[in-house]
Amino acid sequence: INTAFLSDSEQLNRDISVSQISTPGGPVTINSGGQLIIDRIVTQGGDINLFAQGNMQILGLLNSSGDRGGNVTINGLTNIDIFAIDAQGLASDGTGGNVNINAGNFFQARGSFVDQNNRTASISTAGTVSGGSISIRHAGSSETPFIVGNATTNGTAAALTTGSETISPTFEVPVDDDG
């Protein structure tokens with residue numbers, strides 16, 4: 058398929074569970090009124106957009122890498138638990154995709170892969186020309202900090218990298234005075 062779109066009416070509060078989704082560059086959009094469970098997604102540069110009102114669990118790699126990396130947007134009203142995200146731009150003029158994650162509670166990236174710069178990463182947006190941005194918002198605070206290098210509760214197993222900038226393990230993200 059060139060494009061994949063799955064949706065559950067938010068009023069029905071139904072869970073969505075799918076195995077592997079693969080597109081030759083087309084986008085994947087999934088909206089769940091309940092939980093969302095996915096084996097893995099490969100788009101060859103297509104965007105990935107995921108939303109769940111319940112918990113979200115991605116068992117394998119979210120891979121939007123291609124000549125130019127596809128954008129990855131993940132919105133969950135509760136916990137988001139993924140393996141890893143590869144949004145790299147791999148062509149000689151490749152740019153990495155942007156990754157934007159919004160978790161109503163905690164975010165975990167439990168896995169890793171080796172990116173084009175030989176970095177072990179949980180999220181890579183590296184590009185041969187320029188990398189994409191990485192934004193992670195969650196409900197952790199000084200009580201439950203976000204830790205790069207510890208995905209036990211709220212964090213990633215490995216580095217976050219745009220290619221030009223890398224946050225390596227172990228790094229506890231500072232919390233501002235407002236929490």
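Quick note: the sequence shown uses the numbering used here, first residue 58, plus one each step.
Just so it is clear, CB atoms sit at the ideal spot from N, CA and C, and this is done for glycine as well.
{"Asked": "Any heavy atom of the ligand FAD inside 7 Å of the beta-carbon of residue 130?", "Found": "Questions concerning the ligand FAD fall outside what the structure shown contains, since it holds no ligand whatsoever."}
{"Asked": "Counting pairs of Cβ atoms below 8 Å between the stretch 196 to 212 and the stretch 147 to 159, do you hit three or more?", "Found": "no"}
{"Asked": "Taking the CB atoms as reference points, tell me whether residue 181 and residue 138 lie closer together than 8 Å.", "Found": "no"}
{"Asked": "Under a Cβ-count criterion, where at least 16 other Cβ atoms within 10 Å of its own Cβ denotes burial, should residue 121 be classed as buried or exposed?", "Found": "buried"}
{"Asked": "Which same chain residues, not among the five before or five after residue 79, have their C-beta less than 6 Å away from its C-beta?", "Found": "99"}
{"Asked": "Which of helix, strand or coil does DSSP assign to residue 104?", "Found": "coil"}
{"Asked": "Could you name the residues that DSSP lists as bridge partners for residue 205?", "Found": "213 and 228"}
{"Asked": "Bridge partners of residue 152, per DSSP?", "Found": "187"}
{"Asked": "Output yes or no for whether 8 Å exceeds the beta carbon distance between residue 196 and residue 160.", "Found": "yes"}
{"Asked": "How would you write the range of the beta strand (DSSP E) that residue 133 sits in, first residue to last?", "Found": "129 to 133"}
{"Asked": "Residue 116 by DSSP, collapsed to three states: which one?", "Found": "coil"}
{"Asked": "By the three-class DSSP mapping on this structure, what secondary structure does residue 167 have?", "Found": "coil"}
{"Asked": "Using the DSSP secondary-structure output, state which residues sit across from residue 219 in a beta bridge.", "Found": "Note: residue 219 sits in no beta bridge, so no partner."}
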